[in-house]
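One structure below.
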Amino acid sequence: MTTALAPYRRPAEDVVRDLGGDASRGLTAAEAAARLERDGPNTLPAARGRGPLLRFLLQFNSPLIYVLLAAAAVTALVGEHVDALVILGVVIVNAVVGFVQESRAERALTALAAMARTTAVAVRDGAPVRVPAADLVRGDLVVLEAGDKVPADLRLLRTDELAVDESALTGESAPVAKDPAPLPEVALGDRAAMAFSGTLVAAGRGAGLVVATGADTELGGINRLVQGTAAVRTPLTRKIAHFSRVVTVAILVLAAATFAIGVLRGRGVTEMLTAAVALAVGAIPEGLPAVVTITLALGVARMVRRGAIVRHLPAVETLGGTTVICTDKTGTLTQNQMTVTAISAGGRDYTLTGTGYAPHGTVEHDGRAVDLAEHPALRETLAAGLGCNDARLAETGGGWRITGDPTEGALLTSAAKAGLDRVPERTATLPFSSERRYMATLHEDGTVYVKGQLERVLQLCGDAAGPGGEPVPLDADAVIARAEAYGAEALRVLAFARGQGDSLDELPRLTFLGLQAMLDPPREEAAAAVRTCHDAGIQVKMITGDHAATAAAIGERVGLAGEVMTGAELAGDVSPERVRATTVFARVSPEQKLRLVQALQSTGHVIAMTGDGVNDAPALKQADIGVAMGRSGTDAAKESADMVLTGDDFASIEQAVEEGRGVFDNLVKFIVWALPSNIGLGLVLVAAIVAGTALPILPLQVLWLNMTAVLVLGLPFAVEPKDEHIMRRPPRDPALPLLTRAMTARILLVSGILLAGSFGLQHWERGHGASPEVAQTIVVNVFALTLLTYMFNCLSLDRPLLWRGVRRNPWIAVSVAALAALQVLYTYTPGMNDVFGSAPLGAAAWARIAVIAVVSYLLVEALKLAQRRR
Numbered sequence: 013m014t015t016a017l018a019p020y021r022r023p024a025e026d027v028v029r030d031l032g033g034d035a036s037r038g039l040t041a042a043e044a045a046a047r048l049e050r051d052g053p054n055t056l057p058a059a060r061g062r063g064p065l066l067r068f069l070l071q072f073n074s075p076l077i078y079v080l081l082a083a084a085a086v087t088a089l090v091g092e093h094v095d096a097l098v099i100l101g102v103v104i105v106n107a108v109v110g111f112v113q114e115s116r117a118e119r120a121l122t123a124l125a126a127m128a129r130t131t132a133v134a135v136r137d138g139a140p141v142r143v144p145a146a147d148l149v150r151g152d153l154v155v156l157e158a159g160d161k162v163p164a165d166l167r168l169l170r171t172d173e174l175a176v177d178e179s180a181l182t183g184e185s186a187p188v189a190k191d192p193a194p195l196p197e198v199a200l201g202d203r204a205a206m207a208f209s210g211t212l213v214a215a216g217r218g219a220g221l222v223v224a225t226g227a228d229t230e231l232g233g234i235n236r237l238v239q240g241t242a243a244v245r246t247p248l249t250r251k252i253a254h255f256s257r258v259v260t261v262a263i264l265v266l267a268a269a270t271f272a273i274g275v276l277r278g279r280g281v282t283e284m285l286t287a288a289v290a291l292a293v294g295a296i297p298e299g300l301p302a303v304v305t306i307t308l309a310l311g312v313a314r315m316v317r318r319g320a321i322v323r324h325l326p327a328v329e330t331l332g333g334t335t336v337i338c339t340d341k342t343g344t345l346t347q348n349q350m351t352v353t354a355i356s357a358g359g360r361d362y363t364l365t366g367t368g369y370a371p372h373g374t375v376e377h378d379g380r381a382v383d384l385a386e387h388p389a390l391r392e393t394l395a396a397g398l399g400c401n402d403a404r405l406a407e408t409g410g411g412w413r414i415t416g417d418p419t420e421g422a423l424l425t426s427a428a429k430a431g432l433d434r435v436p437e438r439t440a441t442l443p444f445s446s447e448r449r450y451m452a453t454l455h456e457d458g459t460v461y462v463k464g465q466l467e468r469v470l471q472l473c474g475d476a477a478g479p480g481g482e483p484v485p486l487d488a489d490a491v492i493a494r495a496e497a498y499g500a501e502a503l504r505v506l507a508f509a510r511g512q513g514d515s516l517d518e519l520p521r522l523t524f525l526g527l528q529a530m531l532d533p534p535r536e537e538a539a540a541a542v543r544t545c546h547d548a549g550i551q552v553k554m555i556t557g558d559h560a561a562t563a564a565a566i567g568e569r570v571g572l573a574g575e576v577m578t579g580a581e582l583a584g585d586v587s588p589e590r591v592r593a594t595t596v597f598a599r600v601s602p603e604q605k606l607r608l609v610q611a612l613q614s615t616g617h618v619i620a621m622t623g624d625g626v627n628d629a630p631a632l633k634q635a636d637i638g639v640a641m642g643r644s645g646t647d648a649a650k651e652s653a654d655m656v657l658t659g660d661d662f663a664s665i666e667q668a669v670e671e672g673r674g675v676f677d678n679l680v681k682f683i684v685w686a687l688p689s690n691i692g693l694g695l696v697l698v699a700a701i702v703a704g705t706a707l708p709i710l711p712l713q714v715l716w717l718n719m720t721a722v723l724v725l726g727l728p729f730a731v732e733p734k735d736e737h738i739m740r741r742p743p744r745d746p747a748l749p750l751l752t753r754a755m756t757a758r759i760l761l762v763s764g765i766l767l768a769g770s771f772g773l774q775h776w777e778r779g780h781g782a783s784p785e786v787a788q789t790i791v792v793n794v795f796a797l798t799l800l801t802y803m804f805n806c807l808s809l810d811r812p813l814l815w816r817g818v819r820r821n822p823w824i825a826v827s828v829a830a831l832a833a834l835q836v837l838y839t840y841t842p843g844m845n846d847v848f849g850s851a852p853l854g855a856a857a858w859a860r861i862a863v864i865a866v867v868s869y870l871l872v873e874a875l876k877l878a879q880r881r882r
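Here my numbering is used: position 826 in the sequence shown is 838, and no number is missing along the way.
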């Protein structure tokens with residue numbers, strides 16, 4: 013609501029009149045029912061998700077799968093039904109694995125709608141009645157009490173110490189004091205005359221007129237942003253999709269050329285169809301989807317153990333490629349728990365250890381814990397905070413929680429840290445008001461305690477408490493200077509005073525006691541996590557709805573010092589270059605958070621966005637990976653995110669980046685290792701067609717290789733340990749292809765070795781009288797053993813890791829033993845000989861196969877050495 017006629021900019025009585033309401037009696041029940049029929053319920057529209065059948069069918073939506081299905085159909089048409097069933101079985105297994113692992117459909121809109129499903133107290137026919145929030149209509153008069161969830165957007169008509177926690181909507185860490193007076197055009201977080209749907213009443217009471225319901229509320233605006241934000245495909249899925257398209261086109265062109273060449277050379281159509289199918293099945297990396305899924309799933313399992321739940325498998329890898337982390341402040345970098353960190357009393361300065369509402373920590377002076385008996389002014393300052401207090405502090409199963417104003421909760425905790433937990437019974441209270449700017453309480457021993465704004469409290473004081481509690485002259489300038497020093501550190505300051513009296517009708521002469529300064533403290537692990545991200549070449553940017561000074565101070569504490577840009581500046585035309593150079597963004601609206609993520613993505617960055625509030629949901633969905641807080645996060649944030657941190661620990665993001673980099677490394681290693689098999693098989697078949705010789709390998713034998721050797725030897729890559737220096741290197745360039753030139757050269761080298769070794773050895777064996785079955789068995793084992801030695805080449809893409817690789821990954825030895833057993837069964841058992849057309853081999857044939865495999869290993873290591881030196 014930013015037009016000139018926005019309700020918060022107009023007098024309350026004008027808004028009541030225009031909406032046909034009544035500031036004291038509310039609507040009649042009949043009028044409310046008529047408006048509900050006309051305008052609809054106060055709910056948000058929910059998104060329609062994809063059903064399970066559609067999600068399963070979409071698992072087949074891949075060019076590589078289309079080619080495999082076509083190959084199965086052609087194979088069946090030419091009468092090779094066993095081959096067709098095997099190919100079809102591979103496709104279905106891959107689809108089932110993908111379907112089982114896929115996360116549930118997006119539920120962000122449902123979660124947003126659920127936030128409005130509550131009850132409210134509305135005034136109907138002059139009497140307050142509790143009605144479902146969904147039945148509220150524009151013009152309804154709603155009564156608010158502490159603890160209520162605001163059910164719709166309200167133009168406040170009257171307030172009594174009303175403060176609303178808007179952190180989920182705006183990112184503001186402290187409750188916002190409300191006042192019905194009209195305002196000029198201001199940002200969402202500064203509209204004190206409004207109470208917004210989905211926020212929480214922290215203290216006080218009030219009444220307001222409903223001016224917007226359902227989709228028309230500020231919450232509804234975020235709902236529309238989420239609905240209009242398309243889920244971004246991850247870098248891995250984009251690169252795999254591109255890779256699949258390139259491979260598909262190459263396979264189709266090569267298969268068509270092979271078929272045409274064979275037919276032109278006078279070979280039968282059926283024979284050439286079989287050859288084309290063998291080529292297609294051989295060139296397609298059938299094991300790739302399975303190994304990718306298994307690698308990602310294992311990464312997900314490791315992330316769960318490290319406090320992060322991944323909702324979408326590719327998100328693990330995406331974190332590894334992250335170049336910028338955009339983090340919310342409140343509840344993400346900070347604890348969203350106000351904490352007193354400093355006290356000035358009796359001319360002495362004190363510091364407090366411990367953070368949050370847990371009363372664990374100490375009050376220290378000159379580095380030593382204090383004894384309150386030796387610091388009377390400090391004791392009375394803490395007692396005043398304890399006496400002028402309506403909050404409650406209690407320990408629950410999930411930790412310490414406060415009921416009431418977070419600021420007052422912080423005062424309870426500071427007193428408890430010093431061992432002070434009670435003051436004389438309160439007999440009277442003068443509540444805080446925007447006019448008085450202080451709160452006063454009278455206790456049974458006649459003590460009057462006052463807390464409030466510094467300037468106002470100073471006006472009430474005639475002297476001050478000295479270090480020993482004795483009265484001394486009040487040096488107001490010194491007190492104000494100390495408060496300004498706290499303010500420069502973005503600390504919120506409250507002043508405290510004491511007097512003696514019989515009532516609060518007229519305050520007695522007061523003695524100034526001291527100051528308590530507080531803030532929402534950074535998480536202890538946040539600064540270290542930010543440093544690690546910087547060491548890894550990842551930019552970290554804070555995006556918050558809080559004030560610029562507070563954001564800058566927190567940024568300084570966690571290592572994010574730099575330029576601060578406000579939402580007002582972002583409303584203008586801001587270049588992506590300036591966005592990239594800015595570290596802290598403050599007073600930012602949900603729409604601007606979304607724009608910031610989009611601006612960074614437009615410059616080629618891979619963005620991880622963290623947050624916990626409703627206001628973060630659109631940006632979480634837009635980002636390449638959204639990371640929500642599990643404890644403090646709203647349902648909307650969790651359902652829009654790809655990953656949820658169970659402990660709300662920013663440090664888990666750094667661990668997730670490390671895990672993601674390891675996953676990507678392992679996937680690349682597997683692809684570099686697996687592709688020579690597919691390319692080599694294709695080249696061998698093409699060479700046979702061009703040379704006019706018999707097929708050196710049959711379609712079913714190709715499937716045997718792809719579903720045994722490729723899977724058995726490929727699985728160790730899924731559990732390959734991470735490089736020990738993985739977080740000391742910069743993030744990979746998002747513009748780089750999946751495979752670099754060096755990797756492509758290695759793939760082509762091994763593909764050439766497989767072509768020359770298998771085709772040459774098959775030709776030599778046939779020339780020396782070997783049967784077609786023996787020659788084809790030799791070709792299969794050339795591929796199997798060469799892939800075995802090449803696996804050791806690929807354990808590291810830049811240095812040798814032969815025996816060290818086996819020691820650090822015991823699954824390698826298991827895979828080697830499994831492959832040896834499978835190839836022995838394939839070569840020597842009669843049943844396998846009958847099904848696959850294989851035949852037993854002699855020792856001399858095995859020796860020739862081994863020579864090719866060893867030569868392949870040595871040539872690849874020589875190439876790696878040359879590439880390292882270059």
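Glycine included, each C-beta is placed from N, C-alpha and C at the ideal position.
- Shortest Cα-Cα distance from Arg543 to any of Arg740, Ala35, Ala224, Leu834 involves Arg740.
- Per DSSP, reduced to three states, the secondary structure at Glu230 is helical.
- About 6 Å separates the CB atoms of Ala214 and Asp417; that is less than 8 Å, so the two are in contact.
- In this structure the stretch 222–238 does not touch the stretch 184–198; the number of beta carbon pairs closer than 8 Å is below three.
- Ile683 and Thr752 have their alpha carbons spaced roughly 12 Å apart.
- The distance from the Cβ of Leu853 to that of Val786 is about 7 Å, consistent with a contact at the 8 Å cut-off.
- DSSP places Gln347 in no alpha helix (DSSP H); its state is neither H nor E.
- Ala663 counts as buried, since at least 16 other C-beta atoms from the protein chains shown sit within 10 angstroms of its C-beta.
- In this structure Asn821 touches Pro733 by the C-beta definition: roughly 6 Å separates them, less than 8 Å.
- For Arg217, the pairing in a beta bridge is given by DSSP as Glu157, Asp172.
- At a Cβ-Cβ threshold of 8 Å, Leu503 and Ala529 count as neighbours.
- If you ignore the 5 residues before and after Ala631, its C-beta comes within less than 8 Å of the C-beta of Cys338, Ile555, Pro602, Lys605, Leu606, Leu608, Val609, Met621, Gly623, Gly638, all in its own chain and listed in chain order.
- Phe676 carries a helical assignment under DSSP once its states are collapsed to helix, strand and coil.
- Using a C-beta cut-off of 8 Å, the stretch 357–368 makes contact with the stretch 523–537, since at least three inter-stretch Cβ pairs fall below that distance.
- Looking at the DSSP output, Trp412 shares a beta bridge with Glu407.
- With a cut-off of 8 Å on Cβ pairs, the stretch 715–728 is in contact with the stretch 683–692, counting three or more such pairs.
- Between Val162 and Phe208, the CB-CB gap stays under 8 Å.
- Note that the C-beta distance between Ile619 and Val336 is below 8 Å.
- The bridge partners DSSP lists for Phe771 come to none.
- In this structure, the CA atom of Ser770 is about 13 Å from the CA atom of Val698.
- Following the DSSP letters along the chain, one finds Tyr498 inside the alpha helix (DSSP H) bounded by residues 488–500.
- The criterion of a C-beta distance shorter than 8 Å is satisfied by Leu761 and Leu875.
- The C-beta of Gln634 has 16 or more other C-beta atoms within 10 Å across all chains shown, which makes the residue buried.
- DSSP places Tyr802 outside any beta strand (DSSP E); the residue lies instead in the alpha helix (DSSP H), whose first and last residues are 784–806.
- Counting only residues of its own chain and dropping the five nearest sequence neighbours on each side, Val505 has a CB closer than 7 Å to the CB of Leu466, Ala495, Tyr498, Gly499, Leu527, Ala529.
- For Gly366 and Leu572, the gap between their C-alpha atoms comes out near 22 Å.
- Taking a 10 Å sphere around the C-beta of Trp776, we find fewer than 16 other C-beta atoms and assign the residue as exposed.
- DSSP lists Val133 as the bridge partner or partners of Arg142.
- Counting along the chain, the unbroken alpha helix (DSSP H) around Leu715 starts and ends at 711–716.
- With a threshold of 16 other beta carbon atoms within 10 Å, Ala427 meets it and is buried.
- A Cβ-Cβ separation of about 6 Å places Thr307 in contact with Val675 under the 8 Å criterion.
- The three-state secondary structure of Asp624, taken from DSSP, is coil.
- For Arg569, the CB contacts under 6 Å within the same chain, skipping 5 residues up- and downstream, are Pro534 in chain order.
- If you look at Glu376, you'll find it in the beta strand (DSSP E) that goes 375–377.
- Within the DSSP bridge table, the entry for His455 names Arg438 as partners.
- Boundaries for Thr841: no alpha helix (DSSP H) harbours it, and the DSSP string shows neither H nor E there.
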